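With full-length UniProt numbering applied, the sequence shown corresponds to residues 1 to 256, in that order. By construction, the Cβ of each residue, glycine as well, lies at the ideal position given by its N, Cα and C atoms. For clarity, every value in this text was computed on a predicted model and none was experimentally measured. Step one of this worksheet: look at the structure below.
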Amino acid sequence: LVEKAKSKGIPTVFWNKEDGVHFDRFIDSAKHFDHIFTVDQNCVEKYKAIVPDSTTVNVAMFPVQPKIHYYQGFNFQKLAATFVGSYSKHLHDKRRDRQNMLFAAAAKAKLPVTVFDRNSDRKSPYYRYPAEAFNLTIKPAVDYLQTAEIYRHYQVSLNVNTVEDSPTMFSRRVVEILACGGILVSTPSLAMERLFKDYCHIVHTEEQAVELFERLKYGASKQDLEMAKAGADFVLNHFTWKKFLQQIEQVIESKR
């Protein structure tokens, strides 16, 4: 398919949104394309060491679709926290430890947590959340369009990042939560500190998370709401699919 496009003079683009965890998994496909984009700045030089000099390699971070994830004002209906995503007992040990830390802190603070399990249709016990250990309410996976309403309705939206040492890679839910005006509580990463620290709460320890949750379970403060609104503005000004595609177009045009 790539060769057919090239034979007709159509530029080919590969975007790896799974870097750097799955760099090796996709490099044999990526190297055939004219232009490579990665979510992880740390992978740029790795690509350049493998692909031809004529191949462009650039960073393209996760965007949002503002027709789905956008700010509607504040309408938190549940004084509770939510986590939308997966859990695994056999992969990503540090990520799991971060999740357990947030869940333990919420339990100690008596902040209810509802999880929408992305892997609810998988039968393997390796993907089951420790619901009893942390008093979690587990619900099945939801349609992507529903995530926006979840982020708008729950007082707190939780986040962890599989990659923590990248200046550009973060969980996609980060920009989706912020775009909706959600109050985001995240564990740390280089990208979170570099890009989003002014728009969310970043907790490094269980004690810090407990203190925060004990406050948030009674409702958001004026400062929380101002922070969340600023986060929505920031994301919708800088992290949309329109800007993402404009960036790709600029790179392609620069090589014509």
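- Annotation: residue 216 to residue 52 spans about 52 Å, alpha carbon to alpha carbon.
- Judged by DSSP in its simplified three-state form, residue 76 adopts coil rather than helix or strand.
- DSSP places residue 117 inside the beta strand (DSSP E), whose first and last residues are 113–117.
- No Cβ-Cβ contact shorter than 8 Å links residue 113 with residue 104.
- Taking a contact as a CB-CB distance under 8 Å, the pair residue 159 and residue 184 counts as one, their CB atoms being some 6 Å apart.
- Judged by their CB atoms, residue 163 and residue 21 are nearer to each other than the 8 Å cut-off.
- Here residue 71 really is in contact with residue 229; their C-beta atoms are around 7 Å apart, less than 8 Å.
- Cβ neighbours of residue 14 within its own chain (closer than 6 Å, five residues either side excluded): 30, 33, 36.
- Here residue 140 is actually not in contact with residue 124; their C-beta atoms are around 16 Å apart, not less than 8 Å.
- Secondary structure of residue 153 (DSSP, three-state): helix.
- By the Cβ-count criterion, residue 3 is exposed, with fewer than 16 other Cβ atoms from all chains shown falling within 10 Å of its own Cβ.
- Taking C-beta separations shorter than 6 Å and ignoring five residues to either side along the sequence, the partners of residue 63 in its chain run 239, 240, 241, 244, following chain order.
- C-alpha of residue 172 to C-alpha of residue 237: approximately 16 Å in a straight line.
- Taking C-alpha positions only, residue 254 is separated from residue 56 by approximately 10 Å.
- Distances from the alpha-carbon of residue 188 to those of 182, 200, 179, 1 put 200 closest.
- In the structure shown, residue 202 falls within a strand segment according to DSSP collapsed to helix, strand and coil.
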